[in-house]
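Residue numbers for the sequence shown follow the numbering used here, beginning at 2 and rising by one. For every residue, glycine included, the Cβ atom is placed at its ideal position computed from N, Cα and C. Below you'll find the structure, written out as structure tokens, and then a few comments.
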Amino acid sequence: MTEPPISQLADSITDAVLASVVTISSDAIICVDDEQRIMFFNEGASATFGYTADEALGQPLEVLLPERFRASHARLVDGFGESGVRARRMGERGQISGLRKNGEEFPAEAAISHLGSGDKRVYSVVLRDVTDRRRAHETQRFLAEAGETLASSLGPDETIQNVTKVVVPRLADACIVNLYQGGPFRGVAVAHSDHARAADIERRRIEQAGDFSESHPVAGVIRTLRTLVLRRSDDPNSNSERALAELTDIFDAPPCGAIILPLSARDQLLGVMSLYREHRSYDDADVLLAEEIARRAALAIDNARLHELVQGGIQARDDMIGIVSHDLRNPVNAVKMLAAVMLNRDRSEALPPEVLEYAGVIRQAAEQMDALIRDLLDVTRVEAGRLKVMPRPENTEEIVSDALRMLAPVAADKAIVLRLDAPDDLPDVMADRERIGQALSNLVGNAVKFSPPDSGISVRVSVLSGEVLFSVRDEGHGMTSEQLSHAFDRFWQSSRTDRQGAGLGLAITKGIVEAHGGRIWAESVPGKGSSFHFTLPRGRTV
Numbered sequence: 002m003t004e005p006p007i008s009q010l011a012d013s014i015t016d017a018v019l020a021s022v023v024t025i026s027s028d029a030i031i032c033v034d035d036e037q038r039i040m041f042f043n044e045g046a047s048a049t050f051g052y053t054a055d056e057a058l059g060q061p062l063e064v065l066l067p068e069r070f071r072a073s074h075a076r077l078v079d080g081f082g083e084s085g086v087r088a089r090r091m092g093e094r095g096q097i098s099g100l101r102k103n104g105e106e107f108p109a110e111a112a113i114s115h116l117g118s119g120d121k122r123v124y125s126v127v128l129r130d131v132t133d134r135r136r137a138h139e140t141q142r143f144l145a146e147a148g149e150t151l152a153s154s155l156g157p158d159e160t161i162q163n164v165t166k167v168v169v170p171r172l173a174d175a176c177i178v179n180l181y182q183g184g185p186f187r188g189v190a191v192a193h194s195d196h197a198r199a200a201d202i203e204r205r206r207i208e209q210a211g212d213f214s215e216s217h218p219v220a221g222v223i224r225t226l227r228t229l230v231l232r233r234s235d236d237p238n239s240n241s242e243r244a245l246a247e248l249t250d251i252f253d254a255p256p257c258g259a260i261i262l263p264l265s266a267r268d269q270l271l272g273v274m275s276l277y278r279e280h281r282s283y284d285d286a287d288v289l290l291a292e293e294i295a296r297r298a299a300l301a302i303d304n305a306r307l308h309e310l311v312q313g314g315i316q317a318r319d320d321m322i323g324i325v326s327h328d329l330r331n332p333v334n335a336v337k338m339l340a341a342v343m344l345n346r347d348r349s350e351a352l353p354p355e356v357l358e359y360a361g362v363i364r365q366a367a368e369q370m371d372a373l374i375r376d377l378l379d380v381t382r383v384e385a386g387r388l389k390v391m392p393r394p395e396n397t398e399e400i401v402s403d404a405l406r407m408l409a410p411v412a413a414d415k416a417i418v419l420r421l422d423a424p425d426d427l428p429d430v431m432a433d434r435e436r437i438g439q440a441l442s443n444l445v446g447n448a449v450k451f452s453p454p455d456s457g458i459s460v461r462v463s464v465l466s467g468e469v470l471f472s473v474r475d476e477g478h479g480m481t482s483e484q485l486s487h488a489f490d491r492f493w494q495s496s497r498t499d500r501q502g503a504g505l506g507l508a509i510t511k512g513i514v515e516a517h518g519g520r521i522w523a524e525s526v527p528g529k530g531s532s533f534h535f536t537l538p539r540g541r542t543v
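Encoded structure:
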């Protein structure tokens, strides 16, 4: 017997391997004849469409397509066969819709090719189910949109309403959020894909006493702190069916599915979010997505509550500062006035030296108290956005000279030299003269405080396009990057200070500059001093 040649044996092996690969491929591979009847149906196609090969063979290709595409698809395949193109992608952007045996539609990527001609033509389709990929993409997009919606408000009430808007209708036909508010869990937010139904559910929730019976699904989640998934069952006595029946207090008939989730943040139960579908159930992917939304919703609600508490505390503090500062000014002014009378009044009999010394200390202390009160009032106005400035064209050189003249004696006490570096033809700036003088005095005063004796402080003025730049540089110890990041925070002082003042000067200065439409920033290197810079708009020319 003559053995086949090596080339023929190799071809046979190649054909066998290829047939095996095609048969077991996870992608659906389908061949149809020129009448578009299925003549090959691999294992991937069976897994994708739900038909066995025996069930599919001989069937028209249209059984694998949604009915609305069948007529047009047949014409397109015929047209492709008559064209000169041997292979191409199918559908728009290479995607089509398939139909499983159970009636479920799914998205797929597909390509088609053909061999032969006329009535001997064979078409081959390679198809891949992209349901999971599309769902993953849609889930990521949904979570991104949900995060944006949940972060769009820091008010607790609006945040809770946003929670329901996030999940309806994407994840549920209806959503109810119950929160613990110092008493029973109460429904505080309701949404339904039908607004009229939402109003009806809201009315029913209000009519409820507020407590749930022990068998109610929400009560079970409160007890266990675990997600509860309810699906319709053929057994009317199943736990799921009984739990769904408890929901007739909300719906006229039990829903087809429900996911009830605890809303927990910082190991504390805030409430419960309930999702309901009236016409279809939930799958495992839905549950995972709902749990992620619940986690984000709980964080958003908790953050909104904390923000409200912080804002309430800030408002209460600012109110207290305003009231106390206002009420303190009268007695402080009285102390200042009486101390001045003791020091300045002509007397037939001079006061003892120690009395005059004490009176001077009293007046100095009262002036410091008055300055602190002004700072407290200013910083409160700055943070409340109520700091008023009245800019007008002012002589830049005069503003700087006045600030340096006022602080020259303080600098001289530490043998510190104040140097001014400015061009001769400085333009005017738009400034509230008193406020900008205050800002410059704060910066130069800080530089004096942090500069060692026998050093220098440079005040420089530069002209920019449309702005004038003011810079104050000292030769002190400088600040680290961490210290520099807090330089303009109120009540903050660097560890290198001797705790003089209340740490309000730079915060006030920042508020003043920004109220003028200017910019302010600082630069520092440990051991090499610090520089503070701010800009003001140039004065308008008439």
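With 16 other Cβ atoms within 10 Å as the buried cut-off, status of residue 53: exposed
Whether residue 262 touches residue 274 by CB criterion (8 Å): yes
Beta-carbon contacts of residue 345 that lie in its chain and below 6 Å, excluding the five residues immediately before and after: none
According to DSSP, residues forming a beta bridge with residue 472: 461, 534
4 or more residues per run - each alpha helix (DSSP H) lying fully within the region 384-430: 397-414
Selection from 515, 484, 467, 404 that minimises the alpha carbon distance to residue 391: 515
Option in 317, 367, 298 with minimal Cα separation from residue 329: 367
Residue burial classification, residue 325 (beta-carbon count within 10 angstroms, cutoff 16): exposed
Cβ neighbour criterion (16 or more within 10 Å) applied to residue 499: Any reading at residue 499 must be qualified, since the residue scores a pLDDT of 49, below 50, and its modelled position is unreliable; the value itself is stated next. Residue 499 should be labelled exposed.
Proximal residues to residue 39 (C-beta, below 7 Å), its chain only, five neighbours per side dropped: 31, 33, 57, 58, 59, 60, 62
Whether residue 452 touches residue 475 by CB criterion (8 Å): yes
Exposure of residue 15, with buried meaning 16 or more beta-carbon neighbours within 10 Å: In this prediction, residue 15 scores a pLDDT of 48, lower than 50, which makes its location untrustworthy; no coordinate-derived value is stated.
Spatial neighbours of residue 443 in its chain, beta-carbon cut-off 8 Å, leaving aside the 5 residues before and after: 506, 507, 509, 510
Simplified DSSP assignment, three categories, for residue 279: coil
Outcome for residue 225 when other beta-carbon atoms lying within 10 angstroms are tallied against a minimum of 16: exposed
Residue 127 - containing beta strand (DSSP E), residue span: 123-130
Local Cβ density within 10 Å of residue 436, reported as buried at 16 or more and exposed below that: buried
Coarse secondary structure for residue 480, derived from DSSP in three states: coil
Top-ranked residue by Cα proximity to residue 245, from 286, 383, 276, 379: 276
Contact belief for residue 220 with residue 264 at Cβ below 8 Å, rounded distance in angstroms: Residue 220 to residue 264, Cβ: 15 Å. No contact.
Terminal residues of the alpha helix (DSSP H) in which residue 73 lies: 68-83
Nearest neighbour of residue 130, chosen from 111, 147, 118, 144 [CA to CA]: 111
Three-state secondary structure assigned by DSSP to residue 181: strand
Three-state secondary structure assigned by DSSP to residue 436: helix
Proximity of residue 397 and residue 469 at Cβ, strictly below 8 Å: yes
Nearest candidate by alpha-carbon position, reference residue 478, set 456, 300, 491: 456
Within 8 Å, strictly: CB atoms of residue 408 and residue 445: yes
Among 269, 216, 228, 227, the one whose alpha carbon lies nearest that of residue 243: 216
Extent of the continuous beta strand (DSSP E) run through residue 265: 258-266
Bounding residues of the alpha helix (DSSP H) (the contiguous stretch that carries residue 539): Counting along the chain, residue 539 falls outside any alpha helix (DSSP H), and DSSP gives it neither H nor E.
Integer-rounded CB distance, given that residue 439 should sit under 8 Å from residue 513: 7 Å
Cβ-Cβ distance between residue 363 and residue 340 below 8 Å: yes
The beta strand (DSSP E) enclosing residue 231, as first and last residue numbers: 229-232
Alpha-carbon to alpha-carbon, residue 167 and residue 154: 13 Å
Boundaries (first-last residue) of the beta strand (DSSP E) holding residue 525: 521-525
Rounded distance between the beta-carbons of residue 50 and residue 65, thought under 8 Å: 6 Å
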